[in-house]
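Chains as they are written, first to last, in our numbering: chain A, 192 to 708; chain B, 30 to 390. Structure first, then comments.
Here you go:
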């Protein structure tokens, strides 16, 4: 086989869904041993393209060449037979089984878990991906689970490995380790398709980058020769917007969390242990950490969706609120933007106006949406229109169903709704998950504006960049425990990264040796 | 080959067309069925669907049968909107009938205007009490309300059977398992002399209007709807799930109980071993054919009532087994569920014409 023979070529791939063209005439060429980035915003068509390569979805048009021969991949099993492995963003592992049992189930050949153990060990050691085959998955961290998925792929000696947004679940230190392993695989001839929207990662890891925008290829470049700016332009068609934040002195304590301890309702959830935090008027406190470390539980305990038995554990404006439910806490001036937009922050099958009523009904907000038990449609519609205007929500009008909006527009609507309810304390979870860059900046700026109006804001996010952009202080939630909150000027990505792995005592100097080891 | 694909948005047109398509498909299958039974389909349909409603008396019977269906159906529709699955309306109807009947029998010497209202109140409370059992078990112990409410139907049937065979049996009734006939003051007044339709029909219309107002304007109705559509959103907004379950059961129990009183204080006039030919179950179909909307329930009840009366009509005139009524009901629900698929899905065109697709903006 000639050395310049591409391992994978996708030619003229197109795929349409009823409402959207996901891929339009896409070409992609991956050489042996190449780490090839597929860069694009949410909704640019990256995932669809990968699903086509892995045989999950079939294209409407176009062809796929594997080692120069035309192939039709009809199923993931067929893709694996060719030597294509895929590590999904959300892992499909059975919590109650061991690592070896999980891998045994996922392999196409039937191999007993006991026989797999030694092979798992040798592969994982060879690539610097330590996993213990006999451990149960529920006891593994997210990073370890990802290693299980990678090892599963490696056991089938893949010649192309697809990694879908692998770093969203990792600490900055774990990202460096992952990159080492990926480079080692590439050096041995395995091609890697690396899907991401993070420019700095792609520049440090990848040899080649195919940039997608709105379902089309907008560029195919060497990312090391590009600037973040030029890549961003290819990705979103314009410069990366920014948001502005000026220092300001915080006011009185609006939200106090004292000795919040809560056993997880889900057997594999995280128990919250002794969480303490004070949130003041006019400041943004960012809570970093990887999802699954108690974020869900923490937010539900704050919002009142899970009322607590200890009233003093959560105090709003000096009043004990731990025992209050979500509606009662809203009565004390709390507003909350949850991480799931559809089905929690908004009801997909109801209109935007009806979704304004979802939280706007609380009498303390003074919206007048409900009077003596009856809905006031005019007040509801008027409020919804104000949100749509003020936050530039792209939709038909206030009668459009929430489910018909794009993720970014719906998030703008929900943030806007909670903002216009004039909160005293605002809690925002994952403000920009699955939101395009333009809308992300608008949402971040709206949150900063709230802070400038004297609202106490708590932001829980997985995106460290985002937290460094908009926080006055930052803390880390790991293993159900909350670190102390440090002023953003004194925080470093390395320090926060260490804390994200649950080691709150570590400092950066001591840790750098640990990472290298 | 035809393939299904998800619609970008649920089709409103299909939502309203679906019951009509289901009714048409039911008629088509029915005509095949009649042919197999050696009947002329058109004549059979005439006997089934037209003849019963072609006389004033027939229309009266239609409204009479529709009344318990409307009452049960409206209550169930409110509960189903909130995703609370009360399958036991027939049991609540039976207990309502018992409670109302007991009031009538206890005050059998009294000839006063308050007896009837008291019976209606007792019936509603009886239905609510029976519905409270699955509500309590669901909110307390997280039991499945579908199973509990369904099983309680049979308990209610047996309770009624015990009462009319034992304590409430008419002492002068030659040992027939039935209670005394109710006195005049305990019977619902007729709307028109000569027809059996009584004021329970007016009550059912009033309740329909009330339910429509409740759904569209009251905040409690909105809360129940949100709980049904998106439980996590309801929790996020601070709506209590328990209150939702209780409300749904109490409302549907009360309307079913009223329907029970409407039967025993109406066409039956006494307690008998059975007071309902399954109105509470037929009302589930009614609620869905009516799109869980009170006005839709009203129309669907009339259709279902016609199925009942037409079934009797073909039994008598064409000697077709009584199972025909259940069969037509089943066909209707079956086709409705099938047609409902197309609210959210559509057939994919055989060859996707790529060049004709709009490009993303």
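The C-beta atom is built at its ideal place from N, Cα and C for all residues, glycine as well.
Under the 8 angstroms criterion on CB atoms, residue 202 of chain A is classed as non-interfacial with respect to chain B. Residue range 118-135 is occupied by the alpha helix (DSSP H) that includes residue 127 of chain B. For residue 70 of chain B, the secondary structure class from DSSP, reduced to helix, strand or coil, is helix.
Interface residue (Cβ-Cβ distance to chain A less than 8 angstroms): residue 37 of chain B is classified as such.
The beta carbons of residue 468 of chain A and residue 637 of chain A sit no closer together than 8 angstroms.
Minimum Cα-Cα distance from residue 280 of chain B among the listed residues B/42, B/98 and B/106 corresponds to B/106.
For residue 275 of chain A, the enclosing beta strand (DSSP E) has its first and last residue at 275-278. Inter-residue distance for residue 407 of chain A and residue 236 of chain A is about 8 angstroms (C-alpha atoms, whole angstroms). If you look at residue 540 of chain A, you'll find it isn't in any beta strand (DSSP E); DSSP assigns it neither H nor E.
For the options A/566, A/576, A/398 and A/531, the alpha carbon positioned closest to that of residue 227 of chain A is the one of A/398. Assigned with DSSP and collapsed to three states, residue 477 of chain A falls in strand. Contact holds between the segment 295-304 of chain B and the segment 200-210 of chain B, because three or more Cβ pairs, one in each stretch, are under 8 angstroms apart.
Burial check for residue 57 of chain B: the Cβ neighbour count within 10 Å stays below 16, so the residue is exposed. Annotation for residue 261 of chain A: the continuous beta strand (DSSP E) segment containing it runs 260-262.
Segment contact: the segment 291-300 of chain A against the segment 310-330 of chain A, three or more CB-CB distances shorter than 8 angstroms; contact assigned. Counting the other CB atoms within 10 Å of its CB gives residue 310 of chain B a total of 16 or more, which places it among the buried residues.
Counting only runs of 3+ residues, the beta strand (DSSP E) found wholly inside the segment 428-488 of chain A occupies 444-453, 463-471 and 475-479, in chain order. Chain-ordered listing is empty here: chain A has no CB closer than 8 angstroms to the CB of residue 75 of chain B, the nearest sitting near 42 angstroms.
A Cβ-Cβ contact shorter than 8 angstroms links residue 257 of chain B with residue 111 of chain B. Within the segment 575-622 of chain A, the complete alpha helix (DSSP H) runs of at least 4 residues fall at 598-611. DSSP places residue 298 of chain A in the coil class of the three-state scheme, outside both helix and strand. Of the residues A/598, A/320 and A/353, the one whose Cα lies closest to the Cα of residue 239 of chain A is A/353. For residue 516 of chain A, the nearest beta carbon of chain B is closer than 8 angstroms to its own beta carbon. In the three-state reduction of the DSSP assignment, residue 195 of chain B falls in the coil class, being assigned neither a helical nor a strand state.
Spanning the alpha carbons of residue 583 of chain A and residue 428 of chain A requires a straight line of approximately 20 angstroms.
Close partners of residue 468 of chain A in chain B (Cβ separation under 8 angstroms) are lacking, with about 22 angstroms as the shortest Cβ gap. In the DSSP assignment, residue 156 of chain B forms no beta bridge with any residue.
Assigned with DSSP and collapsed to three states, residue 410 of chain A falls in strand. Looking at B/125, B/230, B/93 and B/282, the one whose alpha-carbon comes closest to that of residue 115 of chain B is B/282. Burial check for residue 679 of chain A: the Cβ neighbour count within 10 Å reaches 16 or more, so the residue is buried. When the beta-carbon positions are compared, residue 318 of chain A and residue 277 of chain A stay at least 8 angstroms from each other.
Fewer than three Cβ pairs drawn from the segment 357-377 of chain B and the segment 121-136 of chain B lie within less than 8 angstroms of each other, which leaves the two stretches out of contact.
Within the DSSP bridge table, the entry for residue 227 of chain B names B/219 as partners. Within 8 angstroms of the CB of residue 372 of chain B, no CB atom of chain A is found; the nearest one sits about 11 angstroms away.
Counting C-beta atoms within 10 angstroms of its own C-beta, residue 322 of chain B has 16 or more neighbours from the protein chains shown and is therefore classed as buried.
Neighbours of residue 258 of chain B across chain A, judged by C-beta separation under 9 angstroms: 534, 538, 539, 540 and 541.
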